[in-house]
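Residue 182 in the working numbering sits at position 123 of the sequence shown; the count goes up by one each step and never skips. Heads up, the beta-carbon is just placed ideally off N, CA and C, and yes, glycines get one too. Owing to the predicted nature of the structure, the values given are computational and were not obtained by experimental measurement. Written below as structure tokens is the structure these notes are about.
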Amino acid sequence: MQENHRIETWLPKLIIILGPTASGKSALGVALAKKFNGEVVSADSRQIYRGLDVGTGKIAKREMRGILHHLLSFQNPKHGFSAGQFKKLAERKINDIQKRANLPFLVGGTGFYIDAAARGIKYPEVAPNQKLRGALGRKPTKELYRILRAFDPARAKTVDRKNPRRLIRAIEIAKATKKPIPKLSEEKVYDTLFIGIRRPRPELRRRIRAAIRKRVQRGLLRETRNLIQREIPEKRLAELGLDYGIAADYLKHRISREAMLAKLESATWRYAKRQETWFRKHRDIHWISNETEAKKLVKDFLSKESSEQQPKP
Numbered sequence: 060m061q062e063n064h065r066i067e068t069w070l071p072k073l074i075i076i077l078g079p080t081a082s083g084k085s086a087l088g089v090a091l092a093k094k095f096n097g098e099v100v101s102a103d104s105r106q107i108y109r110g111l112d113v114g115t116g117k118i119a120k121r122e123m124r125g126i127l128h129h130l131l132s133f134q135n136p137k138h139g140f141s142a143g144q145f146k147k148l149a150e151r152k153i154n155d156i157q158k159r160a161n162l163p164f165l166v167g168g169t170g171f172y173i174d175a176a177a178r179g180i181k182y183p184e185v186a187p188n189q190k191l192r193g194a195l196g197r198k199p200t201k202e203l204y205r206i207l208r209a210f211d212p213a214r215a216k217t218v219d220r221k222n223p224r225r226l227i228r229a230i231e232i233a234k235a236t237k238k239p240i241p242k243l244s245e246e247k248v249y250d251t252l253f254i255g256i257r258r259p260r261p262e263l264r265r266r267i268r269a270a271i272r273k274r275v276q277r278g279l280l281r282e283t284r285n286l287i288q289r290e291i292p293e294k295r296l297a298e299l300g301l302d303y304g305i306a307a308d309y310l311k312h313r314i315s316r317e318a319m320l321a322k323l324e325s326a327t328w329r330y331a332k333r334q335e336t337w338f339r340k341h342r343d344i345h346w347i348s349n350e351t352e353a354k355k356l357v358k359d360f361l362s363k364e365s366s367e368q369q370p371k372p
């Protein structure tokens, strides 16, 4: 009988918890990390910033329940942070967690951060083009979106079309590389389990509405006022997320409180739908609706035996 010989490789395990905003990712990440001896690496492009706690829905210390969380509140909000930079930091944190014999959970809703860290996308290192940025910065966001769609239709489908910074950066990359923002790397770095939280649309909308009211009660306006006092420009405030630009409009008496709440809900709902669009492109996501389903997935994932998951002596 002829034996089949193949190269046996072992890949470290990484579990990814994803879903749209207000779906319950943080709580699920903590529950799973508690049960399976894990640590959490945040994959949220706004929660990396210091002082952006309430408006980004950043998990509170008491909600962590003793679970170590990484890549929260380390960056100055005056400065940007690329997916390439996140990839390097996330890989370092994930490797450190694995060296401690703990299980890393990558938790968040920023699709391009997740793709960079877990799927191995190599984002092009494109230096800022100040001349191009200056020219594009004078254009309205609708025009920026049309320009991006002409260069990179796929990226245009998932980008925040109301965020000029993201639009300009995507155009900058597309013009510099003469091609769309990159396809997935074929190199598999981790043995991954992708768990997505799916909520019925009416339920997700209710959760978004409740989350917005909770943020306002917890001090969104105070946090926005503090950012303004730190001399963060209004344009940058809008780039930092939906909540801060809208809250700033209220603080400057441009809109009423009722209009602020309505705008926050509408903008957050649109953002959640864009997140769902991003996640739908990936068929390896296991969609769940409750914690019990997630725990079973993780248990099965950790117990499966194969030469690809187990190191040989």
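### Query
What are the partner residues of Val-89, as DSSP defines its beta bridges?
As a working note, residue 89 is residue 30 in the sequence shown. Beta-bridge pairing links Val-89 to no other residue.
### Message
Give me, in chain order, the residues of the same chain whose beta-carbon lies closer than 6 Å to that of Lys-146; leave out the 5 immediate sequence neighbours on both sides.
### Response
Working through the sequence shown from its first residue, we reach residue 146 at position 87. Cβ-Cβ distances below 6 Å link Lys-146 to Ala-175 and Ala-176 in the same chain, with the five nearest sequence neighbours on each side left out; the list follows chain order.
### Task
Run the CB neighbour count on Arg-214, radius 10 Å, all protein chains shown included, and call it buried at 16 or more, exposed below.
Stepping through the sequence shown from its first residue, residue 214 is reached at position 155. Label assigned to Arg-214: buried.
### Query
What's the call for Thr-68, buried or exposed, on a 16-neighbour Cβ count within 10 Å?
Position 9 of the sequence shown, counted from the start, is the residue given in the question as residue 68. Around the Cβ of Thr-68, a 10 Å sphere holds fewer than 16 other Cβ atoms; the residue is exposed.
### Message
If you reduce the DSSP assignment to three classes, tell me which class Glu-367 lands in.
### Response
Residue numbering aside, residue 367 sits at position 308 when the sequence shown is read from its first letter. Note that Glu-367 has pLDDT 45, beneath the 50 cutoff, so the model's placement of it is unreliable and the number below is only indicative. Note: Glu-367 maps to coil in three-state DSSP.
### Task
Provide the residue span of the alpha helix (DSSP H) that contains Glu-335, from first to last.
On the sequence shown, position 276 is the one that residue 335 refers to. 316-339 is the span of the alpha helix (DSSP H), which, as asked, contains Glu-335.
### Task
List the endpoints of the continuous alpha helix (DSSP H) containing Lys-72.
In the sequence shown, residue 72 corresponds to position 13, counting from 1. Segment 72-77 is the beta strand (DSSP E) holding Lys-72; no alpha helix (DSSP H) there.
#### Entry: Reduced DSSP category for Pro-136 - H, G, I as helix; E, B as strand; rest coil
For the purposes of this step, residue 136 is taken as the residue at position 77 of the sequence shown. In the displayed model, Pro-136 falls within coil according to three-state DSSP, outside both helix and strand.
### Message
Between the alpha carbons of Gly-255 and Pro-163, how many angstroms are there, rounded?
### Response
Mapped onto the sequence shown, residue 255 falls at position 196. Mapped onto the sequence shown, residue 163 falls at position 104. Here the alpha carbons of Pro-163 and Gly-255 stand approximately 16 Å from one another.
### Task
Grab me the residues of Trp-328's own chain with a C-beta within less than 7 Å of its C-beta, minus the 5 sequence neighbours each way, in chain order.
Here residue 328 is taken as the residue at index 269 of the sequence shown, counted from 1. Within the same chain, Trp-328 has close Cβ partners Arg-264 and Ile-267.
### Query
Who are the Cβ neighbours of Arg-192 in its own chain at under 8 Å, not counting the five residues just before and after it?
For the purposes of this step, residue 192 is taken as residue 133 along the sequence shown, with counting starting at 1. Within the same chain, Arg-192 has close Cβ partners Ile-227 and Glu-231.
### Task
Ignore the nearest five residues each way along the sequence and tell me which others in Arg-289's own chain have a CB closer than 6 Å to its CB.
As a position in the sequence shown, residue 289 is number 230, starting the count at 1. There are no such residues.
### Query
Using the beta-carbon count (16 or more within 10 Å), is Gln-276 buried or exposed?
Taking the first residue of the sequence shown as position 1, residue 276 is located at position 217. When all chains shown are included, Gln-276 counts as exposed.
### Task
Spell out the partners DSSP gives Ser-9 in its beta bridges.
Any question about residue 9 goes unanswered here, given that the chain covers just 60 to 372.
### Message
Extract the residue ranges of the alpha helix (DSSP H) inside the stretch 180-229, only unbroken runs of 4 or more that lie entirely within it.
### Response
Complete alpha helix (DSSP H) runs here, min 4: 189-196, 200-210 and 212-217.
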